[in-house]
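Beneath this line is the structure, given in structure tokens, with notes to follow.
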Amino acid sequence: MRLHIKNVSHRYDQLEVLRDIDFGIEPGEVVALIGPSGCGKSTLLSIIGGLLAPSDGEVLMCDQATPEGCLNPLTYVFQDFALLPWRTVAGNISLVLEDHPLSKAEREERIAEVLAQTNLSDFANAYPKQLSGGMKQRVGIARALAVRPAVLLMDEPLSALDAQTRILLLEEFADLFARTGMTAVYVTHNLNEAVRLAHKVVALRRRPGTIKEVHTIDVPIQNRQEGMPELIAHEQALWDLIRDEAIAADKELENVA
Ligand SMILES: Nc1ncnc2c1ncn2[C@@H]1O[C@H](COP(=O)(O)OP(=O)(O)O)[C@@H](O)[C@H]1O
Ligand SMILES: [Mg+2]
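Note that the UniProt record's numbering has the sequence shown beginning at 1, numbered continuously upward.
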């Protein structure tokens, strides 16, 4: 599915958050949204996912192409995992399938498939409270994949995790994107995550967020490795792009406090 974010602007009452955002998301592309805190990244992701109607502009689905068996084209992955504590890992994944006309066998097959994709096969019967933060987020990803989305929407999916877990999951995400060719929009304020995962990085200015630059990284995701000179150069270029915005946003927040 190809999406066109067309001249999207948004305000919350008096607060202008996004102004005239326009870019495309191609099939198989991972697009990172970066920018200083408060610039409207989460707002934009909610608009792309249809959770929030923009004040102006629109999100166009340029075609209806979805993966076979897709139950929800635009699927959100939550930062705080949002798992039901009284359901097992398999039960949490099953939840998003229960409203759909699937046989028990089809449901079980999907659950087994996404558990394998997220290295959770041995944990199907565990409860969320038995799992570390990293494992909980794997369940969040597995649950999102179970509906075979056309576009996966991820809002800082690693930000609730400790540094070591973040590195592990980042590698798993890179592997997942490379293997599946998944289309995704990935919000982060971490430039390292952006250069490891994204084909295209949309850098936003501080509020009201406008596009400062769309930065392309043409190294195949499967070939990217931590510390690669080419990636370090991209990360530096992104930092040069948003440094002034981040400094100014930081000062604005201090003035408010
Ligand atoms: N529901 C809301 N009502 C009013 N203001 C909001 C709401 N959600 C976010 N904001 C404000 O909009 C701005 C952008 O928020 P957000 O999209 O969460 O930014 P980011 O994800 O880039 O940090 C912030 O100033 C935030 O306080
Ligand atoms: Mg946010």
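Just so it is clear, CB atoms sit at the ideal spot from N, CA and C, and this is done for glycine as well.
Everything numeric in this text was worked out from a predicted model, so none of it was measured.
Neighbourhood of residue i by C-beta distance below 8 Å, restricted to the same chain and skipping five residues each side
{"i": "C70", "result": "V147, R148, P149 and A150"}
{"i": "L3", "result": "G24, I25, I48, V59, L60, M61, C62 and V151"}
{"i": "L51", "result": "Y76"}
{"i": "L238", "result": "I34, L191, A194, V195, V201, A203 and H215"}
{"i": "L102", "result": "R110"}
Beta-carbon proximity list for residue i, same chain, < 7 Å, skipping 5 on both sides
{"i": "T66", "result": "M1, P73 and A150"}
{"i": "S37", "result": "H189 and A249"}
{"i": "G28", "result": "G181 and T183"}
{"i": "S46", "result": "L52"}
Nearest-angstrom Cβ-Cβ length linking residue i and residue j, presumed shorter than 8 Å
{"i": "R143", "j": "I93", "result": "5 Å"}
{"i": "L153", "j": "Y76", "result": "5 Å"}
{"i": "L158", "j": "C39", "result": "About 19 Å; that fails the 8 Å criterion."}
Cβ-Cβ distance between residue i and residue j below 8 Å
{"i": "L161", "j": "G134", "result": "yes"}
{"i": "L170", "j": "E193", "result": "yes"}
{"i": "R110", "j": "L95", "result": "no"}
{"i": "F81", "j": "K136", "result": "yes"}
{"i": "E230", "j": "V219", "result": "yes"}
{"i": "A233", "j": "I217", "result": "no"}
Own chain, CB closer than 6 Å to residue i, minus 5 neighbours either side, in chain order
{"i": "E58", "result": "K6"}
{"i": "Q222", "result": "A178"}
{"i": "E245", "result": "P36, R205 and R206"}
{"i": "D56", "result": "S9"}
{"i": "F123", "result": "V89"}
Three-pair Cβ contact test at 8 Å for the segment 33-48 versus the segment 178-192:
At 8 Å Cβ cutoff, the stretches touch.
Any contact between the segment 171-181 and the segment 205-215? By contact I mean 3 or more CB pairs, one from each, below 8 Å.
No: the two stretches stay apart, fewer than three of their Cβ pairs being nearer than 8 Å.
Check whether the segment 7-14 and the segment 125-137 touch, using three or more Cβ-Cβ pairs below 8 Å as the test.
With the rule of 3 Cβ pairs closer than 8 Å, the segment 7-14 does not count as touching the segment 125-137.
Residues near ligand 1, CB to any non-hydrogen atom under 5 Å, in chain order?
With 5 Å as the limit, the residues whose C-beta approaches a heavy atom of ligand 1 more closely than that are Y12, V17, S37, G38, C39, G40, K41, S42 and T43, in chain order.
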